[in-house]
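Here is the structure we will look at, set down as structure tokens.
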Amino acid sequence: MTPMFSVKECLRGYSIDSLGQMCDRWNLAVSNPANRLRAIEKVLTDPLHIEKVAGELSAPERRVLALIAERPQVSAGDVLGVPALAGAEPMASVLQSLATWGFVLALPREQHGAFGFSYFARADQNTNGIAFAALDLVRRALPPAPPLDFALPPQADAPEAKTPDAPANRPALDAATDAILEVLRIVEVLTPRVTATGELHKSDASRAKELAAESGLSPDALALALMMGRQSGCLDARDGRLVVTQRADRWSESNTADRVRDMFDAYLSSEDLFDIHLFFPQIEGALDEHLPAGSLRRTYHKVLVSQLLACLQPDAWYTSDAFADLVRRADPNVLFNEERWRAIASHTHDPSPAWRDRSWQAHDKRLIAWIIQSVLGRLGMVQLANEGRVFRLTPLGRFALGIGEAPAEPETTDNEALVVQPDFEVILYCDKSTPVVRRRVDTFCERVRGGIVSTYRLTKDSIYRGLKTGVTFEQFTQTLERHTRRALPANVVDQIATWERKASSVSIFTGCKLIECLRAEDAAKLVEQYPEARRIGERFVLTVATPDEIAARVDYSTPDQRCLLQDDGLALRAPWATRSLFVRHRLEEIGEVTETPEGDLVLVLKKECLTKDVDWGLHVAALDSMVVEPLAPRYRTALRTWSGDANPPSIHNATLVRFDDADMCSSAMQLPDLAQHVEGRLGLYTVALKPGALTSFKKALKALGLSIDRSEGTLDDGAPEDWAVQWVESQRPPQPTTEDAVKTVAAEKLVSPDDDIQLPAYSPQIMREIIQDAIQRRRTLLLRYKSTWSNKPSVRRVNPVTLDTVGPVPSLSGYCHRLGGARVFKFAQISGIRVLEDERF
Numbered sequence: 001m002t003p004m005f006s007v008k009e010c011l012r013g014y015s016i017d018s019l020g021q022m023c024d025r026w027n028l029a030v031s032n033p034a035n036r037l038r039a040i041e042k043v044l045t046d047p048l049h050i051e052k053v054a055g056e057l058s059a060p061e062r063r064v065l066a067l068i069a070e071r072p073q074v075s076a077g078d079v080l081g082v083p084a085l086a087g088a089e090p091m092a093s094v095l096q097s098l099a100t101w102g103f104v105l106a107l108p109r110e111q112h113g114a115f116g117f118s119y120f121a122r123a124d125q126n127t128n129g130i131a132f133a134a135l136d137l138v139r140r141a142l143p144p145a146p147p148l149d150f151a152l153p154p155q156a157d158a159p160e161a162k163t164p165d166a167p168a169n170r171p172a173l174d175a176a177t178d179a180i181l182e183v184l185r186i187v188e189v190l191t192p193r194v195t196a197t198g199e200l201h202k203s204d205a206s207r208a209k210e211l212a213a214e215s216g217l218s219p220d221a222l223a224l225a226l227m228m229g230r231q232s233g234c235l236d237a238r239d240g241r242l243v244v245t246q247r248a249d250r251w252s253e254s255n256t257a258d259r260v261r262d263m264f265d266a267y268l269s270s271e272d273l274f275d276i277h278l279f280f281p282q283i284e285g286a287l288d289e290h291l292p293a294g295s296l297r298r299t300y301h302k303v304l305v306s307q308l309l310a311c312l313q314p315d316a317w318y319t320s321d322a323f324a325d326l327v328r329r330a331d332p333n334v335l336f337n338e339e340r341w342r343a344i345a346s347h348t349h350d351p352s353p354a355w356r357d358r359s360w361q362a363h364d365k366r367l368i369a370w371i372i373q374s375v376l377g378r379l380g381m382v383q384l385a386n387e388g389r390v391f392r393l394t395p396l397g398r399f400a401l402g403i404g405e406a407p408a409e410p411e412t413t414d415n416e417a418l419v420v421q422p423d424f425e426v427i428l429y430c431d432k433s434t435p436v437v438r439r440r441v442d443t444f445c446e447r448v449r450g451g452i453v454s455t456y457r458l459t460k461d462s463i464y465r466g467l468k469t470g471v472t473f474e475q476f477t478q479t480l481e482r483h484t485r486r487a488l489p490a491n492v493v494d495q496i497a498t499w500e501r502k503a504s505s506v507s508i509f510t511g512c513k514l515i516e517c518l519r520a521e522d523a524a525k526l527v528e529q530y531p532e533a534r535r536i537g538e539r540f541v542l543t544v545a546t547p548d549e550i551a552a553r554v555d556y557s558t559p560d561q562r563c564l565l566q567d568d569g570l571a572l573r574a575p576w577a578t579r580s581l582f583v584r585h586r587l588e589e590i591g592e593v594t595e596t597p598e599g600d601l602v603l604v605l606k607k608e609c610l611t612k613d614v615d616w617g618l619h620v621a622a623l624d625s626m627v628v629e630p631l632a633p634r635y636r637t638a639l640r641t642w643s644g645d646a647n648p649p650s651i652h653n654a655t656l657v658r659f660d661d662a663d664m665c666s667s668a669m670q671l672p673d674l675a676q677h678v679e680g681r682l683g684l685y686t687v688a689l690k691p692g693a694l695t696s697f698k699k700a701l702k703a704l705g706l707s708i709d710r711s712e713g714t715l716d717d718g719a720p721e722d723w724a725v726q727w728v729e730s731q732r733p734p735q736p737t738t739e740d741a742v743k744t745v746a747a748e749k750l751v752s753p754d755d756d757i758q759l760p761a762y763s764p765q766i767m768r769e770i771i772q773d774a775i776q777r778r779r780t781l782l783l784r785y786k787s788t789w790s791n792k793p794s795v796r797r798v799n800p801v802t803l804d805t806v807g808p809v810p811s812l813s814g815y816c817h818r819l820g821g822a823r824v825f826k827f828a829q830i831s832g833i834r835v836l837e838d839e840r841f
């Protein structure tokens, strides 16, 4: 199966001819179209068949399969947009061969027609939205991808012994490591703000450039180091600011080869187009639009360069120009140099071959040379000579590219890397120190002066900042002692220990759970059961892990939960299991609060407990925000009356006329001759007349053939709930709502975790066949359905019964588990479907 869909779900979207071609490829003698799907599914779920054929794949097929297997799904247009990664063979033919084997399956994501292999011959294959995914069995049995098979450029003459610009291995910090360590220090000092787009705030970015310039770091190197640091996980945006993570310490403690490989992988996988913006300033907007985020095309120019570098001969020298020509031969359209839109964006309406050649020389070729000289050269992956025009791969570069062993770590004598003065000054010799020493000193000290011999100062703030990273006082002093020949001054050690004790006097814990127990005895038992827990007061326990026997949870990161239940009279009750710690304080402002033996809080509204000079509406609003059910009128009336805002009731004499039929009473309200004498209506059968209007009302009724009889008896229509339904029906409101309708709308709008499940989507014809098969075999369906009452589709579990495709609105009838009853689903509103083979009804 694939990461999201099963093999059967994917094959359902294939045409009959495509299934036949797959059967021919696997030598399956299946002539019945209905049995082809089952036969192919059986083969693609057999590990023995997959392992046998996977070992016989051609080199281009293994390259493309490895490319697709790296991601859960890849759009076909994205794969076809990186043709050079398949090698010299056309990408479309390689992808078609893999699809015919079934090693990559077309995902049923869109409601297109049946998928066919003729797709690869279409002219619109880059825009029709088809995506592929590799089988899970193929991912496990996939052999390593071979290097690309393009013809290598001619080797250059070896430079003289004195001409190389940089040695193959530096004993001290390489330039890239130095730049990233400097960026980590700048971020710790500034903690710059990060915008919604992930960029540094303009003022903080300017300050970072100033600090980098003071350390001799260029703006380009700063941007490149920031990109590598964020991609490798050493830097991360938290709460709107860029901070240094624990990953930075682990990275600095690793050996040189691992550090270089991590930085190079971060550069390759980073989707920041810093290098594109540097060499294509005029068309960076157009390039950014055609390099969508998350696509293979976004990093294609870097990945292609790295894979071509892996093809070069070890210890052989090549010119940068010859390597750039190799990239152009592999794919001249690597950065859309062959596309007409690039010419238009460059204000050239006639993209002749001569213009394309000039554009390549001015932009693309310079970018490739920059990658070799600035990126690979700084990382120590290549050895440069003749002012960067000639290069060769180093053992470190071959290891970072994944084609060689890690070189031996050069021996360094770092016991003289630093000196600690009695005046809290620290002198660091950068050419003798390791990255971990530089990292610790940058974290625990304030830099006074940079350079090869940098000067730092130990301060209280710098010690506090270093302790926040998780490194203890003992670990820091041990680092200082291991890398200096002189003993640490006693006054410095004592002062650092004093600062450490002050910092540890207040501990801040995040992600803790505060557990409230009903009795003090329960809190004591909980502390004995969990030794890491701390008891606070008598009934509260602070712990990191949540015990399994917790009865209820209260989340303080969200608004207060509704916990008040309405009792008889003017009392409200807050159960102990659902109330928060702030409920008591809020209730004491409204009335008298008592606590029951079960831990429940009981609030009784009392006039003397109300806070003076507070409007009664604020108390009502406070109760409304805490009650589970809508607040009863008696509470609102009591608070309003006690505040003196309620008007006293008044007594009126009125003439009442009662009818025996509700329709007749309604007619009295609608006929103009009668309605002009009516003051109002009481219930279903009674109207109140205006003063002195009884005689005129009798005459109007007599004209209709009715007379009025005097009655002295007491007539009671009963409770309103007995006749309210008839009243609603007689009035016929424009939007009648019943209890069932309200429940249906509430269930439709309810958000379920199952709504995020990815379901296959097929054409209407294939979907109809799936539903008919499920009805026949009595299998439950998962449907992604867009209801009239909901703003977005939701996933329903349905037992299908009938499928109507003859009526004016094709629909599916069945039992909906979510709504708990029979429902009709419009066929056009179903956007996804899955058959639950294990559930039968």
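One point on numbering: in this note's numbering, the residue at position 412 of the sequence shown is 412, and numbering is uninterrupted. Each residue gets a CB set at the ideal place from its N, CA and C atoms; glycine is no exception. Source: prediction; values computed, not measured.
Coil, strand or helix - residue i by DSSP
| i | result |
| --- | --- |
| Q758 | coil |
| P800 | strand |
| V583 | helix |
| A520 | helix |
| M263 | helix |
| L273 | coil |
| K690 | coil |
| S794 | strand |
| F444 | helix |
| Q772 | helix |
| Q561 | coil |
| L488 | coil |
| T127 | Because the pLDDT of T127 is 49, which lies under 50, any placement of that residue in the model is unreliable, and the number read from its coordinates should be weighed accordingly. Coil at T127, not helix or strand. |
| K786 | coil |
| Y456 | strand |
Buried/exposed call for residue i, threshold 16 Cβ in 10 Å
| i | result |
| --- | --- |
| C10 | buried |
| R784 | buried |
| L701 | buried |
| L326 | buried |
| F476 | buried |
| T394 | buried |
| V104 | buried |
| H363 | buried |
| L335 | buried |
First and last residue of the uninterrupted beta strand (DSSP E) at residue i
| i | result |
| --- | --- |
| Q383 | 382 to 385 |
| R824 | Rather than Arg, the amino acid found at residue 824 in this sequence is Val. Taken as a continuous stretch (DSSP letters only), the beta strand (DSSP E) holding V824 covers 821 to 826. |
| F132 | 131 to 134 |
| D838 | 830 to 840 |
| L428 | 425 to 429 |
| F399 | That residue, F399, is in no beta strand (DSSP E); its alpha helix (DSSP H) goes 395 to 400. |
| E679 | 678 to 682 |
| I368 | Element bounds for I368: not the beta strand (DSSP E) but the alpha helix (DSSP H), 365 to 370. |
Where the alpha helix (DSSP H) containing residue i begins and where it ends
| i | result |
| --- | --- |
| D663 | 662 to 670 |
| E41 | 33 to 44 |
| F540 | Segment 540 to 543 is the beta strand (DSSP E) holding F540; no alpha helix (DSSP H) there. |
| C10 | 7 to 11 |
| I463 | 460 to 467 |
| E210 | 202 to 214 |
| G591 | Counting along the chain, G591 falls outside any alpha helix (DSSP H), though it belongs to the beta strand (DSSP E) covering 591 to 595. |
Supposed close pair residue i, residue j - CB separation, criterion 8 Å
| i | j | result |
| --- | --- | --- |
| Y267 | V375 | 6 Å |
Beta carbon of residue i nearer than 7 Å to that of residue j
| i | j | result |
| --- | --- | --- |
| V30 | A39 | yes |
| V853 | S252 | Residue 853 falls outside the range modelled here, since the chain spans only 1 to 841, and no answer is possible. |
| A487 | I403 | no |
| K826 | S811 | yes |
| A417 | S433 | yes |
| Y685 | R710 | no |
| L217 | A179 | yes |
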